[in-house]
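The sequence shown begins at 28 in this note's numbering and counts up by one. In this text, a Cβ means the ideal position worked out from N, Cα and C, and glycines have one as well.
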Amino acid sequence: MSKVTDQYLQAKERYAEIGVDTDEVLKRLADVKISMHVWQGDDVQGFLSDEALSGGISVTGNYPGKATTPAELRQDLEEAYSLIPGKHKLNLHAIYLDTDEKVDLNEIEPKHFEKWVAWAKEQGLGLDFNPTFFSHPMFKDGFTLASPDPEVRDFWIEHGKRSRKIAAYFGKELGQVCVNNFWVPDGYKDNPIDRYTPRKRLMEALDEIFAEDLGDEYTLDAVESKLFGLGAEAYTVGSHEFYMGYGLTRDKLVCLDAGHFHPTEVISNKLSSLALFSKGILLHVSRPVRWDSDHVVIMDDELQEIGKELVRNDLLGKTHIGLDFFDATINRVAAWVIGTRNTQKALLKAMLEPTAFLKEKELAGDFTTRLVFTEELKDFPFADVWNYYCEQNNVPVGLDWFEEVKNYEKNVLAKR
Ligand code: RNT
Ligand code: ZN
């Protein structure tokens with residue numbers, strides 16, 4: 028018996044004492060797909076053009092070995108997925124098209140993404156999608172869909188419509204729903220006079236994009252809010268209230284990005300409310316540091332709270348979990364692995380809690396038991412369960428994955 032298995036069996040006994048069946052938990056964990064975002068691989072550059080990153084987001088760092096072609100990016104993704112237990116999804120952005128044709132965002136079609144689909148099939152991955160409303164000359168004076176200029180608006184409306192066709196194509200080809208997430212950077216640096224009209228324009232532009240009913244089988248649209256962006260500090264058109272209203276009245280998924288709120292505001296506490304009213308939730312698991320900085324996801328309190336809220340309230344069925352961070356100061360493959368494994372681990376920790384028992388105690392007013400258990404659980408051997416899960420899935424345990432990344436850096440990334 029391997030050391031990992033031996034430790035797992037001991038952990039299994041400890042959890043059994045508090046009524047938790049670790050084998051069952053690992054089956055549940057295997058059902059959760061994480062949508063890993065392609066854009067960590069090349070600092071949100073994509074392959075549409077050499078246009079600099081705009082839209083109020085920013086990547087710092089110039090760690091060597093960045094992928095500069097779709098083939099390199101897929102190679103890096105394969106490396107990352109090989110270090111992450113389970114079968115997952117890849118979240119593409121429109122600017123990641125893979126074609127020799129010179130096409131603009133208002134011209135893209137499913138055929139420009141055929142290579143990604145073929146690869147996803149081969150790898151057993153699902154695909155999600157995002158129209159790209161930034162890093163483009165038609166992002167004018169800080170506006171896209173909410174622009175006062177009808178020419179600008181129409182360009183982006185066409186892009187939005189086309190993105191939905193591509194998402195539906197992904198869903199159909201891969202036999203699993205493709206979430207298509209709409210985020211637009213539109214806003215003003217300084218205090219506006221009119222906060223209302225741009226929001227009305229955004230609402231109407233989105234209504235045009237979503238006019239065609241594509242059904243729910245292959246693709247689901249999501250809308251992502253934000254508090255502010257670089258250069259849009261005073262006013263962002265697509266605020267939280269805007270998209271709560273939009274998503275709920277138009278039956279769209281509402282996307283919550285962990286970095287898109289006031290610094291002390293957390294998304295974990297929003298999930299139970301949103302779940303009561305929304306068709307579904309999309310998460311952008313990210314880490315703000317003082318601002319929407321898109322740091323790599325670590326095992327911090329908020330990540331664990333997100334995991335607990337999803338598990339305790341049984342929300343995994345209506346929640347799509349995506350990641351959203353971009354750090355160019357560290358090995359990009361390592362960034363993916365750290366963020367994805369942490370997200371899985373946070374869910375595992377939550378699943379290893381005797382939730383029904385704790386809910387019972389809470390209802391009975393036994394807050395002492397509630398506190399004793401939640402505190403003692405922090406010292407339970409959850410890592411032994413995680414390590415066993417990795418071993419069962421044939422991915423490296425503990426620090427071993429880092430050895431693989433270092434070899435990959437030496438043999439592949441350093442030679443680019
Ligand atoms: C920006 C949003 C958005 C982007 C991606 C690249 O603040 O979080 O999700 O990060 O579309
Ligand atoms: Zn996001």
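Return the chain-ordered list of same chain residues with a C-beta closer than 8 Å to the C-beta of K216, the five sequence neighbours on each side being excluded.
Within the same chain, Cβ atoms closer than 8 Å to the Cβ of K216 are found at G169, G258, A259, E260 and A261, the five residues on either side in sequence being excluded.
For the alpha helix (DSSP H) holding F140, just list the boundary residues, first then last.
Note, F140: premise wrong, no alpha helix (DSSP H); not H, not E.
Give the range of the beta strand (DSSP E) segment to which W318 is assigned.
First-last of the beta strand (DSSP E) with W318: W318 to H322.
I need the DSSP call for G256, collapsed to helix, strand or coil.
DSSP places G256 in strand when its eight states are reduced to three.
Which residue wins for smallest C-alpha separation from H64, given the options G46, L132 and H120?
Of all alpha-carbon atoms in G46, L132 and H120, the one lying nearest the alpha-carbon of H64 is that of H120.
Leaving out five residues on either side along the sequence, give the residues of the same chain with a beta carbon under 6 Å from the beta carbon of D213.
Within the same chain, F170, T171, A173 and V264 come within 6 Å of D213 by CB-CB distance, once the 5 residues on both sides are set aside.
Tell me the rounded alpha-carbon separation between G113 and D127.
For G113 and D127, the distance between alpha carbons rounds to 33 Å.
Is the region 340-353 touching the region 312-327 in the sense that three or more CB pairs, one from each, lie closer than 8 Å?
A contact is defined here as three or more CB-CB pairs under 8 Å, and the region 312-327 meets this definition with respect to the region 340-353.
Between the region 178-188 and the region 38-45, can you find at least three pairs of beta-carbon atoms closer than 8 Å?
The region 38-45 makes no contact with the region 178-188, as fewer than three CB pairs between them are under 8 Å.
Taking the C-alpha atoms as reference points, what is the distance between N157 and E430?
Cα atoms of N157 and E430: separation of roughly 33 Å, rounded to the nearest angstrom.
Entirely enclosed alpha helix (DSSP H) segments - the region 220-306, minimum 4 residues:
The alpha helix (DSSP H) runs lying completely inside the region 220-306 and spanning 4 residues or more are 223-236, 267-277 and 298-304, given in chain order.
Cβ-heavy atom distance, E251 to ligand 2, below 7 Å:
E251: yes, Cβ under 7 Å from ligand 2.
Could you tell me if the beta carbon of N157 falls within a distance shorter than 7 Å of some heavy atom in ligand 1?
If you check the C-beta of N157 against ligand 1, you find a heavy atom less than 7 Å away.
Within its chain, find whatever has a CB closer than 7 Å to the CB of H287; leave out the 5 residues flanking it on each side and keep chain order.
Only S252, K253, L254 and D319 meet the Cβ criterion.
For A195, collect the residues of the same chain with a Cβ closer than 6 Å to its Cβ; drop the 5 residues on either side in sequence, then sort them by chain order.
Cβ within range, chain order: L241, Y245 and T246.
Exposed or buried, which one is S29 when buried takes at least 16 other CB atoms within 10 Å?
If you draw a 10 Å sphere on the C-beta of S29, you find fewer than 16 other C-beta atoms in it, and that means exposed.
Between R359 and K93, which are expected to be in contact by the criterion C-beta below 8 Å, what is the C-beta distance as a whole number of angstroms?
With a Cβ gap of about 7 Å, R359 and K93 count as contacting.
Contact defined as beta carbons within less than 8 Å: I believe R339 pairs with T382. What is the distance between those atoms, to the nearest angstrom?
That belief holds up - the Cβ atoms of R339 and T382 are roughly 5 Å apart, short of 8 Å.
For ligand 2, is there any heavy atom lying closer than 7 Å to the beta carbon of S85?
Taking the Cβ of S85 as the reference point, every heavy atom of ligand 2 lies at 7 Å or farther away.
Alpha carbon to alpha carbon, how far is E332 from D427? Give it in angstroms, no decimals.
Going by the C-alpha atoms only, they are around 27 Å apart.
Inspect the beta-carbon positions of L283 and G274 and report whether they are closer than 8 Å.
Their beta carbons are not under 8 Å apart, which means L283 does not touch G274 by this criterion.
Cα-Cα, which of L298, S109 and P177 is closest to K345?
Considering only L298, S109 and P177, the residue with the shortest C-alpha distance to K345 is L298.
Sequence-distant residues of the same chain with beta carbon closer than 6 Å to I122, five excluded per side:
Within the same chain, and ignoring the five residues on either side of I122 in sequence, the residues whose Cβ sits closer than 6 Å to its Cβ are G73, L75 and T159.
Cβ-heavy atom distance, W66 to ligand 1, below 7 Å:
Correct: W66 has its Cβ closer than 7 Å to ligand 1.
For A377, tell me which candidate among Y270, R55 and L229 has the shortest Cα-Cα distance.
With respect to the C-alpha of A377, the residue from Y270, R55 and L229 having the closest C-alpha is R55.
Can you pull the DSSP bridge partners for L154?
Answer is L117.
Give me the pocket residues for ligand 2, defined as CB within less than 5 Å of any heavy atom, sorted by chain position.
Cβ-based neighbours of ligand 2 within the cut-off: D284, H311 and D351.
Of the residues A355, I111 and E231, which one's Cα is nearest the Cα of G88?
For the set A355, I111 and E231, the Cα lying nearest the Cα of G88 is the one of A355.
Go ahead and pull the three-state DSSP assignment for K129.
For K129, the three-state secondary structure derived from DSSP is coil.
Let me check understanding here. Comparing Cα to Cα, which of K138, L154 and L343 lies closest to L375?
Out of K138, L154 and L343, L343 has the C-alpha closest to the C-alpha of L375.
Quick check on this structure: which residue in G68, E178, R222 and P290 has the alpha carbon closest to the alpha carbon of F269?
Nearest neighbour of F269 by Cα position, chosen from G68, E178, R222 and P290, turns out to be R222.
Looking at ligand 1, does it come within less than 7 Å of V71, judged from the CB to the closest heavy atom?
For ligand 1, at least one heavy atom lies less than 7 Å from the Cβ of V71.
Exposed or buried, which one is P97 when buried takes at least 16 other CB atoms within 10 Å?
P97 comes out buried.
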